[in-house]
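Asker: To start, I am sharing the structure in question, which I have written as structure tokens.
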């Protein structure tokens, strides 16, 4: 099972994924917010689905340094793919 998590984050965002037996798949962050990039998230979902035949089970965005991630855009990606 794969779980998408942003690449620029504290280890507490990704370690629980491996502790539970899943595989973290890292998605690059935006340069302006330091948070998960919705465009690259969609690309990662499509890439993983194409390569493995399975859709990742979860998306774990993190709001870093008081900067909110783009909730609406990330939810739209999740609904679309």
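Residue numbers (our numbering): 4 to 84. Backbone N, C-alpha and C define an ideal beta-carbon position, used for all residues, glycine too.
#1: Whose CA, out of 65, 70, 75, 83, lies closest to the CA of residue 13?
#2: Please classify residue 23 as buried or exposed, where buried requires at least 16 other C-beta atoms within 10 Å of its C-beta.
#3: Since residue 41 is in the beta strand (DSSP E), which residue starts that stretch and which ends it?
#4: Just the C-alpha distance for residue 67 and residue 84, rounded to the nearest angstrom, thanks.
#5: Under the rule that 16 or more other beta-carbon atoms within 10 Å means buried, what is residue 53, buried or exposed?
#6: Among 47, 40, 32, which residue has its Cα nearest to the Cα of residue 6?
#7: Do residue 73 and residue 41 have their beta-carbon atoms positioned less than 8 Å apart in this structure?
Answerer: Based on what the coordinates show:
#1: Scanning 65, 70, 75, 83 for the CA closest to the CA of residue 13 turns up 65.
#2: With fewer than 16 other Cβ atoms within 10 Å, it is exposed.
#3: No beta strand (DSSP E) holds residue 41; the alpha helix (DSSP H) holding it covers 41-55.
#4: Rounded to whole angstroms, residue 67 and residue 84 show a C-alpha spacing of 25 Å.
#5: Burial state of residue 53 is exposed, judged by a 10 Å Cβ sphere holding fewer than 16 other Cβ atoms.
#6: Cα-wise, what sits closest to residue 6 is 47.
#7: Result yes, Cβ atoms of residue 41 and residue 73 sit closer than 8 Å.
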